[in-house]
């Protein structure tokens with residue numbers, strides 16, 4: 084694990100020095116551009132008894148007002164390998180129990196969906212196409228299913244077409260205002276729009292939604308500030 088941490092630190096330092104164009108920078112006041120020249124690693128997930136880790140790395144283009152997140156692989160022997168490329172947001176890595184497959188959330192198809200790839204290399208494959216997007220993938224112990232969260236209409240649950248139909252009717256409806264009939268109608272700057280966070284179970288091979296594990300007009304899991312998936 085020490086080697087993995089050292090490797091992640093090396094990646095961040097390397098990006099910062101590359102972006103600055105030099106390895107020795109004269110002393111001066113710290114500026115906001117200095118912050119955005121550094122890459123920001125996220126929380127790693129480990130496998131193989133801690134000898135292998137996958138972590139997200141966010142990079143910034145301050146002039147272009149753009150950011151993107153890549154996934155990197157690190158091992159205890161100080162080997163580093165970039166897994167995903169392009170200016171997308173690839174995050175929430177989840178290693179399969181067999182240690183050979185990786186599931187993650189990416190917006191490269193236009194919405195946040197589950198993608199899977201082999202750690203041996205090759206292209207990532209989009210696994211899901213659920214309206215509104217998904218988050219927080221967690222593998223089942225046997226590697227056949229993946230639990231995720233989604234904002235769904237409670238009358239639809241995990242029914243993909245039902246959620247898509249209602250979403251289209253709302254977007255294409257005659258009203259240009261938001262109508263709320265109950266609390267909590269908004270959380271911070273996000274409107275509920277009649278949807279609730281549910282935990283769905285999807286097939287790890289086809290991406291098909293097998294069932295809604297938490298049906299009903301309530302949030303599961305409830306809001307949390309840690310960012311961790313509060314389910315297993």
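In my numbering, the protein residues as written are 84 to 315. Glycine is no exception: its CB is placed at the ideal position from the N, C-alpha and C atoms. Everything numeric in this text was worked out from a predicted model, so none of it was measured.
Q: May I ask you to list the residues that DSSP assigns as paired with residue 189?
A: The residue you call residue 189 lines up with position 106 of the chain shown. Answer by DSSP bridge pairing, in chain order: 173 and 196.
Q) When you compare each of 189, 116 and 188 to residue 147 by their alpha carbons, which one comes out closest? A) For the purposes of this step, residue 147 is taken as the residue at position 64 of the chain shown. Closest by alpha carbon: 116.
Q: Report the partner residues of residue 113 according to the DSSP bridge assignment.
A: Along the chain shown, read from residue 1 onward, the residue named residue 113 stands at position 30. According to DSSP, which records beta bridges pairwise, residue 113 is partnered with nothing at all.
Q.
Taking the alpha-carbon of residue 275 as reference, which of 265, 282 and 140 has the nearest alpha-carbon?
A. In the chain shown, residue 275 corresponds to position 192, counting from 1. Per the Cα distances, 265.
Q. Where do the N-terminal and C-terminal ends of the alpha helix (DSSP H) with residue 254 fall, by residue?
A. To locate residue 254, count along the chain shown from 1; it is residue 171. Per DSSP, residue 254 belongs to the alpha helix (DSSP H) from 243-254.
Q: Output the boundary residues of the beta strand (DSSP E) element that contains residue 261.
A: For this step, residue 261 is matched to residue 178 along the chain shown. Counting along the chain, residue 261 falls outside any beta strand (DSSP E), and DSSP gives it neither H nor E.
Q) Based on Cα-Cα distance, which residue from 111, 158, 151 and 143 lies nearest to residue 135? A) In the chain shown, the residue the question calls residue 135 occupies position 52. The shortest Cα separation from residue 135 among 111, 158, 151 and 143 belongs to 158.
**Q.** Opposing strand residues paired with residue 143 [DSSP bridges]
**A.** On the chain shown, residue 143 is found 60 positions in, with the first residue counted as 1. Answer is 150.
Q: Check whether the stretch 135-145 touches the stretch 172-183, taking contact to mean three or more Cβ pairs, one atom from each stretch, closer than 8 Å.
A: yes
Q. Buried or exposed: which applies to residue 210, given that a residue is buried once 16 or more other Cβ atoms fall within 10 Å of its Cβ?
A. In the chain shown, the residue the question calls residue 210 occupies position 127. Buried.
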